[in-house]
Ligand code: FRU
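Residue numbers (the numbering used here): 2 to 481.
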């Protein structure tokens, strides 16, 4: 028996204490990334929702700050966003010292009522004052939430746009404002595509296709719960055009109607930073799933504490004639690589030991075999850990995290599956720590994020399926 808590996550943002869920108010301001997040200042359950706060200059090392916006008698402080009010359109700051303005959902349970409210900060995001005229956008409904605000500058003019959801209607509603306090309706999107759950935490932003500034599309992110591709919470994205009033989805090129941001169980409520250049568009998502988030074992200072997935830089790329969102994780530079090259593998074979946290880059040629298995954090080459398998015929990667999952929650022991472009050579970038794995395939256009049961083992092993495979290169590096 040991009383020593397991080490804190090394790769991921985690709060110092208490409950955490969605990222909120992501804004880059004066050289710092501000991350607000759904927190319970008073405990470890999803209750008394308020905005916690941390900031960072590099998205790797975080400074923790006091709770920024607290729940009060008007309701809990649900998810939302923040912008720098350049031009002082709200009158809450000044022309020289623009205020930070947050739009969040004021959520009351008795009676059920959700409306959008405003708070502002004149000390660069540390302390916030709620607006006396709250709520600023009220439809008199009970499931209207998660405002994401951005500045629209385009042919239609220059004004603030808010995307928010009528969650149970599976609708994204767009409103506009000149001063962040008075909002008028523009248009709506949905219900369509993935609708087997409530819609939450939308985001809408432009990206250049293959970096071409003359070919800009808009990406609409919609989290939904349940109904995600891996079960429970998940996020779909829709690529289209936005004319300042209406978002119009592109005609689907391939017939695959739904695009998923992530094929794992634990990437939810992801939204992007305001205040960055178009080519630096960066997403942070909560690394959990409402199927079990409330039931994960909670011990102060341990890994199952609640955390964010790795921040990801987003771009749009054309793959086989179809546009896809590409995600590239942002981390400290990893340490020295241990490299294995040019090894033929049939039966399970240990490739090395994994660090507590780090990166594995993989290039395997399946040759005549039908696929391979990679065992991560195994007890031995044959057992334990999580197993990532490639099935060449099915063109799929699967991640099996059932080992050690008994007793966590009945739906935690799962096997996830992700389509990949296929072929006999597969390249992967995998970030792993004691509590999670994030798999980037097809250059980051396919991503799978899962929490994993705490594992004792450290073995990294490879095994050919239906024949011998060739490890062209596997490199393991500790997190920097
Ligand atoms: C998404 C969500 C949001 C809501 C928040 C409450 O995970 O359900 O829709 O604002 O969490 O904590």
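Note that beta-carbon positions come from the ideal geometry of N, C-alpha and C, so glycine has one too.
- In the three-state scheme derived from DSSP, where H, G and I count as helix and E and B as strand, residue 296 is classed as helix.
- Assignment of beta-bridge partners to residue 241 by DSSP yields 219, 250.
- Shown here, residue 279 sits in a helix according to DSSP, grouped into three states.
- Its Cα nearest to that of residue 238, the residue 207 stands out among 207, 212, 244.
- Only residues of its own chain outside the window of five on either side were considered, and among them 339, 461, 477 have a CB closer than 6 Å to the CB of residue 353, listed in chain order.
- The shortest CA-to-CA distance from residue 361 to any of 54, 474, 80, 51 is the one to 474.
- In the three-state reduction of the DSSP assignment, residue 170 falls in the helix class, which pools H, G and I.
- Per DSSP, the continuous beta strand (DSSP E) segment holding residue 270 begins and ends at 269 to 273.
- Straight through space, the alpha carbons of residue 260 and residue 250 are spaced by roughly 12 Å.
- Less than 8 Å divides the Cβ of residue 366 from the Cβ of residue 471.
- In this structure, the beta-carbon distance from residue 442 to residue 398 falls below 8 Å.
- Runs of beta strand (DSSP E) with 3 or more residues, each lying fully within the segment 298 to 378, are found at 313 to 320, 323 to 330, 339 to 346, 350 to 354, 358 to 366, listed in chain order.
- For residue 132, no beta strand (DSSP E) segment is defined, and its DSSP state is neither H nor E.
- With 16 or more other Cβ atoms from the protein chains shown falling within 10 Å of its own Cβ, residue 201 counts as buried.
- The closest heavy atom of the ligand FRU lies less than 7 Å from the beta carbon of residue 50.
- Residue side-chain check: residue 39 places its Cβ nearer than 7 Å to a non-hydrogen atom of the ligand FRU.
- Secondary structure note for residue 49: it is in no beta strand (DSSP E), with a DSSP letter that is neither H nor E.
- Rounded to the nearest angstrom, the gap between the Cα atoms of residue 345 and residue 468 is 10 Å.
- A check of alpha carbon separations from residue 349 across 363, 170, 359, 373 identifies 373 as the nearest.
- Under the 10 Å beta carbon count, residue 58 is surrounded by fewer than 16 other beta carbons and is classified as exposed.
- Counting along the chain, residue 433 sits inside the beta strand (DSSP E) bounded by residues 426 to 434.
- 179 is the residue among 54, 179, 137, 147 whose C-alpha sits nearest the C-alpha of residue 159.
- Apart from sequence neighbours up to five positions away, the residues of its chain that approach residue 98 with a beta-carbon distance below 7 Å are 123, ordered along the chain.
- By DSSP's assignment, residue 207 forms a beta bridge with 219.
- Apart from sequence neighbours up to five positions away, the residues of its chain that approach residue 394 with a beta-carbon distance below 7 Å are 371, ordered along the chain.
- The Cβ-Cβ distance between residue 29 and residue 63 does not fall below 8 Å.
- By alpha-carbon distance to residue 155, the top candidate from 219, 382, 233, 271 is 219.
- For residue 70, the uninterrupted beta strand (DSSP E) segment begins and ends at 64 to 70.
- At the C-beta level, residue 335 and residue 481 come within 8 Å of one another.
- Within the DSSP bridge table, the entry for residue 439 names 432, 450 as partners.
- Proximity of the beta carbon of residue 296 to the ligand FRU is not indicated: no heavy atom of the ligand is located closer than 7 Å.
- For residue 242, same chain residues with a beta-carbon under 8 Å away, outside a window of 5 residues either side, are 218, 219, 248, 249, 251 in chain order.
- Under the criterion of beta carbons closer than 8 Å, residue 412 and residue 293 qualify as touching, at roughly 6 Å.
- Judged by beta-carbon spacing, residue 290 lies within the 8 Å limit of residue 234, meaning their Cβ atoms are closer than that value.
- Taken through DSSP and simplified to helix, strand or coil, residue 445 comes out as helix.
- Only residues of its own chain outside the window of five on either side were considered, and among them 366, 367, 368, 393 have a CB closer than 8 Å to the CB of residue 425, listed in chain order.
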